[in-house]
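Visitor:
Numbering (UniProt numbering), first residue to last: 1 to 1189.
1. Mind checking residue 338: buried by the 16 CB within 10 Å criterion, or exposed?
2. How big is the Cα-Cα spacing for residue 126 and residue 860?
3. Grab me the residues of residue 1170's own chain with a C-beta within less than 6 Å of its C-beta, minus the 5 sequence neighbours each way, in chain order.
4. Which residue wins for smallest C-alpha separation from residue 784, given the options 384, 766, 23?
5. With DSSP as the reference, identify every bridge partner of residue 1161, one or two as the case may be.
6. Please state whether DSSP places residue 168 in a helix, a strand or coil.
7. For a test of the three-state rule: what should DSSP assign to residue 2, helix, strand or coil?
8. Would you please state the rounded distance, in angstroms, between the beta carbons of residue 481 and residue 699? I believe it to be under 8 Å.
9. Taking contact to mean 3 or more Cβ pairs, one atom from each stretch, closer than 8 Å, check whether the stretch 170-182 and the stretch 997-1006 are in contact.
10. Do the CB positions of residue 1074 and residue 1046 come within less than 8 Å of each other?
11. Give me, in chain order, the residues of the same chain whose beta-carbon lies closer than 7 Å to that of residue 991; leave out the 5 immediate sequence neighbours on both sides.
12. Rounded to a whole number of angstroms, what is the C-alpha to C-alpha distance between residue 501 and residue 578?
13. Let me know if residue 1160 comes out buried or exposed under the rule of 16 or more other beta-carbons within 10 Å of its beta-carbon.
14. Is residue 924 helix, strand or coil by DSSP?
15. Rounded to whole angstroms, how far is the Cβ of residue 474 from the Cβ of residue 862, which I believe are closer than 8 Å?
16. Sort 1141, 866, 107, 772 by Cα distance to residue 403 and report the nearest one.
17. Counting only the same chain and skipping the five closest in sequence on each side, list residues whose C-beta sits under 7 Å from that of residue 955.
18. Among the residues of its own chain, which have a CB less than 7 Å from the CB of residue 821, if the five just before and after it don't count?
19. When the Cα atoms are used, what is the spatial distance from residue 369 to residue 448?
20. Quick check: what's the CA-CA separation for residue 1180 versus residue 1147?
21. Sort out for me which residues DSSP pairs residue 767 with in a bridge.
22. Between residue 565 and residue 498, what straight-line distance do the alpha-carbon atoms span, to the nearest angstrom?
23. What first and last residue would you give for the beta strand (DSSP E) that runs through residue 76?
24. Once you ignore the five residues that flank residue 573 on each side, which residues in its own chain have a CB closer than 8 Å to its CB?
25. Which residues in the same chain have their Cβ closer than 8 Å to the Cβ of residue 378, if we skip the five residues on either side of it in sequence?
26. Between residue 651 and residue 636, how many whole angstroms is the CB-CB distance? I'm expecting something under 8 Å.
27. Compare the C-beta of residue 416 with all C-beta atoms of chain C and state if any pair is closer than 8 Å.
28. Could you pull the DSSP bridge partners for residue 11 from this structure?
29. Looking at the strands, I want to know which residues DSSP matches up with residue 642.
30. On the DSSP letters alone, give me the boundaries of the alpha helix (DSSP H) that residue 46 sits inside.
31. Hey, out of 141, 533, 1120, whose CA is closest to residue 558's CA?
32. Got a sec? Which residues, its chain only, sit under 7 Å from residue 199 by beta carbon, not counting five neighbours each side?
33. Pop quiz: residue 1117 and residue 1145 are said to be a contact at Cβ under 8 Å. What is the actual Cβ separation, rounded to whole angstroms?
34. Is residue 1114 helix, strand or coil when you go by DSSP?
35. Run through the DSSP bridge pairs and tell me what residue 1071 is partnered with.
36. How many Å lie between residue 1188 and residue 33 at the Cα?
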């Protein structure tokens, strides 16, 4: 990848659009005078690729726009076109265009002419090798000078930036901050624990004082209850007398009038109840019908959409079937061409096989003859060499003993060599056998592959059949998923409406009860679940319609401790209040019921579990059911019971209550019943929605598996249709050729070993023979004659071997050419043509059949959806008509009721005697006082029952006096003590968790420090190694190295062993440069001791080392040779020419131009810069003119 082209417009001195000719992928040089715009050209590239121009103010943006004469420039852009043939940018394109546009109020990036964010662009650049941690692929003016004058610690900071330690430092800073926060939290927790301990000690004393106060207060309330209960009993007796008198007088004079009025009221009540029930029923039916209409309409819209999609798919498949039918004609012509080519290829293969068959016997004979002559030649040369050696030994040794000793050592050496050669022979024989087995296996695989290619038609048909089955299964599952989606959508709509009904019911219930009770009843299930409270039972609200008393909303619990837990939770969360009935505290006393058929105890008509018996006896034990109000009044007076009638009248010891208006819309029981019904419906719908969701998830998994199976079969089908196993067959053929070559080489090696063994055997025979012969100074006459004959034989054998080897090599070359042509070309081409012929047949038949089946399925799908649409339309019509009928019926009933009730309703008032009103007021006051006493202990009902009132008043006075000293008692001591105890446990556990967190953070800091040091060490070693190599290239006569300065080294030099230095995270304090320009052995100099040009060379070497450590696709160097001598400028230019990657440099020196490939000149005219490509000669002339005279 490299920069291919740059386009600049409006940026700094480049006002007009400047399109720079394509750059070379290697070395490019830009020349131009001072102030012409070279640095602006480099700034334009940095403007797009680096972080140098970020977070700019309006003035800084203005500074980047051209400010010359003429019209003002409002925006500027720089566009860089990259050559991406190596695909380093993962875009899949050969060119990537990156543009950045800037204005006074905008800063935008675009990638391939599409808007993109800066983060996306920077991530793309990093993926291509533009590392943010190593910004030295762009070296602007002054960077080399700054690095030349850099201190040791500044070079260390540079190394850390290259090593990427910023991540570790950032995480270490975050960890230290978290640890400081942890310490602060620990100190706060310790302070809170200390305060809680002190407060607990104080609350221990307050608990004892509160316990004594509660005992006094309990006794006081018992006394007050006794007094109020006696007053209430007296008031009730007086009211009973007044009521009996009123009933006696009223019965004598107004028996008939009362009876008629009672009947009129009953008729009015019944009429109202019938009206309310009828309207409510119609409203429910209308709401259900309306919801049904909406659901059907919604489902119809979905089916309409699905019908359009199905029709569109069917039309597309029909067009594909037509296209495939048209392609069948063209496929027949292609198949005819393939058949002709196959026939020609078979003829050529038969000719080559016949030629190879004729050549093979001749080649084998020549090879056997060559091997025979080679063995004769080796044996003859061995004997000749033995005679040569013997002739030399006769002059080498002085005695037979010396000769024999030498011969024996040689025999031992040859025996050892022979043993090793025999071992090699065995191993080589095993390798040849193994290679032959492998070759036979490969040959069998080639045959199987070729037969498999022949059976490819059957395989493709089988896979296509499986593919069609998988596709059908996938489509069925997707249709089922659509049905589930539709059901889920219906349920979602229904759930929303049901939730709205629940909210309405909750509001109706809240309006029928006081706010605190409704809030508490709503929060009770959550509190029971949250605190895990057991032993909470049902309410008595189900029987509210039978008896209008308020305690039907009391909560039945097992004991008072459970009630206390719930009350504490309600108070803590401020969720209202409730009244409880602890079963273990209830002591109901059943009265004596009248033994008569006109008085039935209510308990006999109620159904409840045995464990709730006490609660029902407490509430309904004194209640009987009577046929009329007169009978109810008699039993109420005679037995002290509460009596009710079937029409809703009631009578007790206080008197009778009849008539009145019952507004069923404000009934608490009706509100609770409605709320329960709505919640049950909501729960059922939610359950069904959950089931549908689970079914959808399961169906999604099935679809995923089916799609995976379909894709696998599709890929397998495509592989069979496209690849046909040609690549694998080609690989096997290549492996066969390689194994044949290995066998030939190993056979030659085995022949060489056999020849060597024969030679060694001949040497052993000769040495043994010589060992048994006499020692002479020269050869014998017979040996001389043999020596001469052997020389002649060797010459003849060599000549014959040369001729036979030449003939054999010629035949072998021709044979190898034929075999290679057959195996690697003709056979493979025949397999390809056969596969292509099969592809044409399968593609023309299989694809058409598959598409026709798809078309049949599409027609069936369209018909099914159309049938469903027809059913929905008829259902929608029926439901709409029924909805209109119910609406009309409701309007008729409502109009009739209001017309009849206006004339019949009469508002009557009844006077009450003044004394009865006062008594009722006093009774209410007594009841209020008793209620204000709260929950009373059991002893309150019986303890003072037989005590005189005067004694009770005296005792009450003493208790009140005793309670005065408890005026400042903490009545919440028990709750506060429990709260502080819970807080203590929570804080203690939190303190332990913070200790564990602190240890974990300290371990993390140690790991980060260790990784940071490893990264610095690793990067330093790589940069240091690169620096030494590059410096020696720039200064061949010298050498250079980087030195890491560690804090521990300074500590040892200064003998300062402070704990701060030992425990410091920063073990490195700087990097120094030590070089020698004249020798590789002399003492090196530090960079501070060098001249300016030498320092610049060291800085350049360091920059190149960093670039090599983290290479980039290209590099921008602004006057890198400015301060260098001629020899070093040449070395730098040569180094750039040898380096990989693209370089774009500016220079005023000819050495860089000599090594470059392309040249560009920057011209500044009328305050506007421009860049154009120039020839090498013009660039050289420019730098010669610019050089000082």
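In this text, a Cβ means the ideal position worked out from N, Cα and C, and glycines have one as well.
Here the structure is a predicted model, which means the values were calculated and not measured.
Guide: Inspection of the coordinates gives the following:
1. buried
2. 54 Å
3. 18, 1163
4. 384
5. 31, 1172
6. helix
7. strand
8. 5 Å
9. yes
10. no
11. 186, 189
12. 25 Å
13. buried
14. helix
15. Not a contact, Cβ separation roughly 19 Å.
16. 772
17. 223
18. 352
19. 38 Å
20. 11 Å
21. BP columns for residue 767 are empty, so no partner.
22. 33 Å
23. 75-83
24. 523, 527
25. 755, 758, 759
26. 4 Å
27. Looking at the structure shown, chain C is missing, and only one protein chain is on hand.
28. 14, 65
29. 623
30. 38-49
31. 533
32. 980
33. 4 Å
34. strand
35. 1044
36. Only weak support is given to the placement of residue 1188: the predicted model assigns it a pLDDT of 49, under 50, and the question is left unresolved by the model.
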